[in-house]
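Following the numbering used here, the numbering of the sequence shown begins with 143 at its first residue and continues without gaps. Beta carbons: idealized from backbone N, C-alpha and C, even for Gly. On a predicted model such as this, the values are computed, not experimentally measured, just so you know. Worksheet: one structure, shown below.
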Amino acid sequence: MGTDKDTQTKYFNIFTDNDSIIIRRCTLEDLEGVIEVNEKELPEDYPYFFYKSILDNYADSFLVACNSSEKVIGYIMWRVEKLPSKYNLEFTNKGHLVSIAVLKNYRRLGIASALLNKSMLKVKNHNIDEFVLEVRVSNYLAISLYKKFKFKTHSIKNKYYRDGENAYYMTLKA
Ligand SMILES: CC(C)(COP(=O)(O)OP(=O)(O)OC[C@H]1O[C@@H](n2cnc3c(N)ncnc32)[C@H](O)[C@@H]1OP(=O)(O)O)[C@@H](O)C(=O)NCCC(=O)NCCS
């Protein structure tokens, strides 16, 4: 778990509309806002208890971006999983990106990059050897974001999504 200092990790200003965005750890009060962003921006939605359990278990890497009215406009959440190592018969910890999204009006301002940067430092503290994620093969914006962070396509997961779309499984050594 982090400290109070962690609840305000980075500020930056968006001069185009004079709004001011803060990135900080998610709180229980933010969950409704996170769910709203998820439902607007992604076809996958999760029940409330799922978000709550990520917050309970991985609060340090569950971050939100809020505008000057304290409205959640973006979020990122991770979990840590024990998966077979690529190199031997051992199991190792992997940081699994559960979800990231930014509201359309706030895109291309570096918010997702800032969310990833800060949260990956926190996930690394969980003794992981790799960051892993799935992304729709058609989601070129997200793929381009992950490539910018040097994620590589490891494999394709066939019909990974409920609507039958394939996923790229992307990994990055921690
Ligand atoms: C993917 C997403 C989170 C990116 O958020 P963002 O705040 O706009 O991202 P950033 O401003 O940090 O951009 C980072 C990089 O992503 C890529 N990118 C983002 N938007 C892009 C666009 N419109 N065109 C091309 N590349 C784009 C670029 O590589 C960009 O780096 P650059 O600005 O240096 O070229 C956002 O588009 C989103 O919420 N999409 C819907 C939800 C989603 O698909 N989540 C991922 C599920 S796996």
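- V240 is positioned such that its CB atom lies closer than 7 Å to that of M219.
- Counting along the chain, D271 sits inside the beta strand (DSSP E) bounded by residues I270 to R278.
- Within its own chain, the residues whose Cβ lies closer than 7 Å to the Cβ of R278, once the five positions on either side in sequence are excluded, are Y303, E307 and A309, listed in chain order.
- Looking at the DSSP output, R221 sits in a beta bridge with H238.
- The C-alpha of K182 is placed about 9 Å away from the C-alpha of K246.
- Taking Y190 as the centre and dropping the five residues before and after it, the same chain places the C-beta of L173 and I177 closer than 8 Å to its C-beta, in chain order.
- Counting along the chain, S261 sits inside the alpha helix (DSSP H) bounded by residues I253 to K266.
- Per DSSP, reduced to three states, the secondary structure at G175 is helical.
- Between K213 and the set Y288, L287, S286 and G175, the nearest pair of CA atoms involves G175.
- Rounded to the nearest angstrom, the Cβ distance from A243 to N180 is 6 Å, consistent with a contact under 8 Å.
- When secondary structure is reduced to three states using DSSP, Y188 falls in the coil class, being assigned neither helix nor strand.
- Judged by beta-carbon spacing, Y193 lies beyond the 7 Å limit of I215, meaning their Cβ atoms are not closer than that value.
- Taking non-hydrogen atoms of ligand 1 into account, the C-beta of E183 is found less than 6 Å away from one of them.
- Listed as beta-bridge partners of C168 by DSSP are no residues whatsoever.
- Not one heavy atom of ligand 1 is found less than 6 Å from the C-beta of L197.
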